[in-house]
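Note sheet for the following structure.
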Amino acid sequence: MAHAVEPGHAAEATTTGLNHRKLLMWVFLGSDCLFFGALIATYMVYRGQSLNGPYPNDIIDVPITTISTFVLLCSSFAMVQALAATNANNQRGIKIWLLATIIMGSIFIAFQIYEFNTFKNEGLTLGTNLFGASFFTLTGFHGAHVTLGIIWLLGLYIISFKGRLGPATALDVELAGLYWHFVDIVWIVIFTLLYLIAGFDVGPAPNPGG
Amino acid sequence: MATIAGVLVRPSGEYAGIWSWVYTVDHKRIGVLYGITAFMVFLVAGVEAGVMRAQLATAESTLVSPDVFNQMFTMHATAMVFMVIMPLSAAFFNLLIPLAIGARDVAFPRLNAFSYWVFLFGTLTFHSSFLVNQLPDAGWFAYASLTEKPYSLGAGLDFWSVSLLVLGVSSVAAALNFVVTIINMRAPGLSLMRLPVFTWMTLITSILLVLAFPVITVGLVELTMDRNFGTHFFMPEGGGDPLLWQHLFWVFGHPEVYILILPPMGVVSEVLPTFSRKPLFGYPFIVFSGLVIGIMSWAVWSHHMFTVGLGPVANSVFTITTMLIAVPTGVKIFNWIGTLWGGSIEFTTSMLFAIGFVALFIVGGLSGVSHAVAPSDAQQQDTYYVVAHIHYVLFGGSIFGIFAGIYYWGPKFTGRLFGERLGKLNFWLMFVGMNLTFFPMHFVGMNGMPRRVYTYPADLGFEIYNVISSLGYVVLFIGIAVFIVNYLRTMRKEPDAGHDPWDAPGLEWSISSPPPAYNFAEIPVVEGRDQYWIVKQRAEAAGEPIPPAEAHVDPSTIHMPSPSFWPLVVAFGVAILGAGILTHVGLSFVGGVIAFIGAVGWANEPAAAEATHH
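Sequence order for the protein chains is X and E.
My numbering puts the first sequence at residues 11 to 220.
My numbering puts the second sequence at residues 0 to 613.
Here it is as structure tokens:
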């Protein structure tokens, strides 16, 4: 009863030597790159094209989001530790680091909920202008990805109490980790573009469409 | 551990009865499900084309209203692209890929079942727009801002975007599966440059799908939000730019064109050598042309937008890239002709369709080059000339390639040889009907008849061409009817195909027809391209008899993935999630919960039940 027979594990021979599920995850992440790429492209195309306020400089709060960004980046460290603990069969470490990742991811989401709420109160919604539409769509889909990651990690956390995580099932943790790190990296791009670069935009561009 | 917490107990692995099709994870059965479903949609979309041809047969006709005409061309084209040609190709991926690479199934059998069910539900969502009489009517590329709420009041465009979002889930899931399967499950010795060409084209197509669908997904999400949640992504009234939709659509849309044509190109690359009795001419050139097409397909999208005013630089660049992409396509055509050259050609029905493919695709390819040139395209844009082009590549190309595949691999999966006399009648009716229908469109288009307009004045000289086109439709219709009759007659007779009726080169022909559930009792070892020819030639050289099909073994000795209900549950959840956008957001929540429960059940269920059956 140590753990269920999990087909697709390292023991199975594959042409490339790479596990099926790991390859699937990598190709899926490639697909997701294009998804976020198209959303980010939408945001950048519409940068400075809003016909009315609020504009980014009016409401974007870089310091607050820097904190939540820092927390999210730290969660990647916890994720790495969780995988290391799994490989070392450190049952206590697995639980601690998974929980730490979950908590930090949740803090990030809490910040996002707070941010969305504040923006709404300050008069920015999906329908207000192009900034609102493209901002909420992009960061909303990113938040949904993080939320999905949290649910996934919660699932792992629950089964860790049945002793089902360890070196033989390390891939289960590794795959969640790959996804988690990817979502983190996407946030680095979003944070740089939407906050650090475009966050101080005031009003429409002088030469719309130029 | 085999029974999991939840209401669904793992189904037993019996291979019979209607339920066995519901919980199957066998790639061959899923392939059959894809094929049958897509063929049904093919008939429906064909009838929609018939409505258009009936309306256009006479000038100033009032048979159907302009509204109905708009709905017909939208339903026809969307269904043919996303619910006929793509899933018919998917049917071949499913049926063939594991057999062609010497594997027992795909890498993720349950994900494969999931892809099919999501495809089915997406198709049903799309066609349920008939039930509420809210049909989409903005064409298959649905240009904004015509698609926005103020200009399309009904729910038709919501049906369109939601069902395409759902179908996108199916396509990406299936494509991920085939990328992993082809890269990772090849039999020993089957290096990439020994892969059968159809397998190669499947790999390239799957990679294109994985990368292209997210882009249209974003476009569809933004359109759905514009229509339902008050955004103005594509509405100039709110500062949005309708052109962004065109870019997002065609960045997806042009790779999509190659998604539609590369698999049939792969089919033809396998049929031509078999019936020419010689190996494919220039195999590496065909493979690398496919790869180059796959890469270049990302750099030609704006040739769909030559008349929107992107400026001379953009138009020149996309003119050049579009003319360049004709080069690898031409390379393939010359290699196919090179394969035929000097071969001892056997004109089976399958071969006729394959040669028909090459001939008609040349016509479609040449008209394509003619609108690669931006100034020339400005004359052709939105005329019937473009309709002629797209049907030469997608009907003369894709559909003919798929029919070549049906006649070629049909005996493998049914165990029966398809009737050759009816088959040839089927081919000639389709070939003549296809040319009668679409060739006059070149002329009427150049004479200025606009596409997507429900009628035309009598005094412009368009009528004669339209009469010929409509007569051609009737011929085509009879051709398809002959195919159905042929298929039904074939299925009523005793199996007579044997395991290798064509003396073919592929691994799939070394096992019995139809193949057993486990495909290969013993995983083959591959020594070169066209492995089964190598085996047969060695036997011949040694004066031995050709080895018979691999003998069947007791299936319980082979560990196979077990059937599962969970893919269906998750797919149902995804469909309900989509339906919620069309009705009430609460329903989306319910759908999400169903999908979540399904996913948990799926994750907790081992892919294969323990070896001891209970």
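In this text, a Cβ means the ideal position worked out from N, Cα and C, and glycines have one as well.
Check your understanding: What are the complete alpha helix (DSSP H) segments, minimum 4 residues, inside the segment 64-117 of chain E?
Key -> Qualifying alpha helix (DSSP H) stretches, in chain order: 65-77 and 85-99.
Check your understanding: Are any of the Cβ atoms in chain E nearer than 8 Å to that of glycine 40(X)?
Key -> It does: the Cβ of glycine 40(X) has a partner Cβ on chain E nearer than 8 Å.
Practice item. Taking C-beta pairs closer than 7 Å, name the residues in chain X that valine 209(E) reaches, listed in chain order. Key: Result: Val37, Gly40 and Ser41.
**Study point:** Contacting residues, own chain, Cβ-Cβ under 7 Å from arginine 57(X) (five flanking each side not counted)
**Key:** Within the same chain, arginine 57(X) has close Cβ partners Ala208 and Asp211.
Check your understanding: Within this structure, are the beta carbons of proline 410(E) and phenylalanine 399(E) separated by less than 8 Å?
Key -> Not in contact: proline 410(E) and phenylalanine 399(E) (Cβ atoms no closer than 8 Å).
Exercise for review: Would you mind sorting tryptophan 18(E) into buried or exposed? The rule is 16 or more other CB atoms within 10 Å of its CB.
Suggested key: When all chains shown are included, tryptophan 18(E) counts as exposed.
Exercise for review: Kindly say whether asparagine 227(E), judged by its beta-carbon, lies nearer than 8 Å to any beta-carbon of chain X.
Suggested key: Not one chain X Cβ lies under 8 Å of asparagine 227(E).
Practice item. Apply the 10 Å Cβ neighbour rule to phenylalanine 80(X) and answer buried if 16 or more other Cβ atoms are within range, or exposed otherwise. Key: With fewer than 16 Cβ atoms within 10 Å of its Cβ, phenylalanine 80(X) is classed as exposed.
Check your understanding: Taking Cβ-Cβ distances below 7 Å as the criterion, which residues of the segment 126-140 of chain X are in contact with chain C?
Key -> Here the protein chains are X and E, and chain C is not one of them.
Point to revise | Residues of its chain near glycine 18(X), where Cβ-Cβ distance is below 7 Å and the 5 sequence neighbours each way are ignored | key: Below a pLDDT of 50, predicted positions are generally treated as unreliable, and glycine 18(X), at 40, falls in that range; the measurement from the model is reported next regardless. Excluding positions up to five away in sequence, the list reads Asn29, His30 and Arg31.
Check your understanding: Quick one: Cα of glycine 213(X) to Cα of valine 72(X), how far?
Key -> Glycine 213(X) and valine 72(X): Cα-Cα distance of roughly 18 Å.
**Study point:** Straight-line gap, glycine 310(E) to glycine 229(E) (C-alpha atoms, nearest Å)
**Key:** For glycine 310(E) and glycine 229(E), the distance between alpha carbons rounds to 32 Å.
Practice item. With 8 Å as the threshold, decide whether the Cβ of alanine 94(X) is near any Cβ in chain E. Key: No - not a single Cβ of chain E is within 8 Å of the one on alanine 94(X).
Exercise for review: Output yes if chain X places a C-beta closer than 8 Å to the C-beta of threonine 223(E); else output no.
Suggested key: Threonine 223(E) does not count as touching chain X.
Review point. Since histidine 155(X) meets chain E, which of its residues come closer than 9 Å, beta carbon to beta carbon?
Key: Neighbours of histidine 155(X) in chain E, taken as residues whose beta carbon is under 9 Å from its own, are absent, since the nearest beta carbon is some 13 Å off.
**Study point:** glycine 355(E): contacting residues in chain X (beta-carbon distance under 7 Å)
**Key:** Neighbours of glycine 355(E) in chain X, taken as residues whose beta carbon is under 7 Å from its own, are absent, since the nearest beta carbon is some 35 Å off.
Review point. Cβ of phenylalanine 305(E) within 8 Å of Cβ of alanine 373(E)?
Key: Cβ atoms of phenylalanine 305(E) and alanine 373(E): closer than 8 Å.
Exercise for review: Assign tyrosine 282(E) to buried or exposed, taking buried as 16 or more other Cβ atoms, counted over all protein chains shown, within 10 Å of its Cβ.
Suggested key: It is buried - the Cβ of tyrosine 282(E) has at least 16 other Cβ atoms within 10 Å.
Point to revise | 7 Å CB neighbourhood of serine 369(E) in its chain, flanking five on each side removed | key: Around serine 369(E): Ser375.
Exercise for review: Under 8 Å Cβ to Cβ from glutamate 615(E), same chain only, skipping five residues before and after it: list those, please.
Suggested key: This structure leaves residue 615(E) out entirely; chain E is present only between 0 and 613.
Check your understanding: Which bits of chain E does histidine 30(X) rub up against, with CB to CB less than 9 Å?
Key -> What histidine 30(X) touches in chain E: Ala106, Phe107, Val179, Thr180, Asn183 and Met184.
Point to revise | Nearest neighbour of alanine 154(X), chosen from Ile119(X), Glu132(X) and Ser170(X) [CA to CA] | key: Nearest C-alpha to alanine 154(X) among Ile119(X), Glu132(X) and Ser170(X): Ile119(X).
Review point. Excluding sequence positions up to five away, which residues of its chain have a Cβ less than 6 Å from the Cβ of valine 386(E)?
Key: Excluding positions up to five away in sequence, the list reads Met440 and Arg450.
Exercise for review: Report yes if the C-beta distance between glutamate 269(E) and glycine 505(E) is below 8 Å; otherwise report no.
Suggested key: By the CB criterion at 8 Å, glutamate 269(E) and glycine 505(E) fall inside the cutoff.
Review point. Bridge partners of proline 449(E), per DSSP?
Key: Thr382(E).
Practice item. Give the DSSP-derived three-state secondary structure of glycine 16(E) in the structure shown. Key: DSSP, reduced to helix, strand and coil, places glycine 16(E) outside both helices and strands of the structure shown, so it counts as coil.
Check your understanding: Along chain X, in chain order, which residues have C-beta atoms closer than 8 Å to that of glycine 614(E)?
Key -> No information on residue 614(E) is available, as it lies outside the stretch 0 to 613 that chain E covers here.
Check your understanding: Do the segment 180-195 of chain E and the segment 118-136 of chain E touch if we need at least three Cβ pairs shorter than 8 Å?
Key -> No: fewer than three Cβ pairs fall under 8 Å.
Check your understanding: If you draw a straight line from the C-alpha of glycine 153(E) to the C-alpha of threonine 582(E), how long is it?
Key -> Straight-line Cα distance between these residues: approximately 13 Å.
**Study point:** From Met322(E), Val307(E), Phe248(E) and Tyr33(E), residue whose alpha carbon lies closest to that of alanine 371(E)
**Key:** From the listed residues Met322(E), Val307(E), Phe248(E) and Tyr33(E), the smallest Cα separation to alanine 371(E) is found for Met322(E).
Exercise for review: Consider the Cβ of valine 55(X): report whether some Cβ of chain E lies at a distance smaller than 8 Å.
Suggested key: Chain E, which has a Cβ nearer than 8 Å to the Cβ of valine 55(X), makes this yes.
Review point. Could you check where the alpha helix (DSSP H) with glycine 505(E) kicks off and where it finishes?
Key: Unbroken run through glycine 505(E): none, as it is neither H nor E.
**Study point:** Residue nearest to isoleucine 206(E) in terms of C-alpha spacing, selected from Pro235(E), Leu119(E), Trp297(E) and Ala141(E)
**Key:** The shortest Cα separation from isoleucine 206(E) among Pro235(E), Leu119(E), Trp297(E) and Ala141(E) belongs to Trp297(E).
Exercise for review: Alpha carbon to alpha carbon, how far is asparagine 314(E) from glutamine 378(E)? Give it in angstroms, no decimals.
Suggested key: Spanning the two alpha carbons is a distance of roughly 15 Å.
**Study point:** N-terminal and C-terminal residue of the alpha helix (DSSP H) that alanine 37(E) is part of
**Key:** DSSP places alanine 37(E) inside the alpha helix (DSSP H), whose first and last residues are 26-55.
Point to revise | isoleucine 168(X), buried or exposed, once every other Cβ within 10 Å from all chains shown has been counted against 16 | key: That one is exposed.
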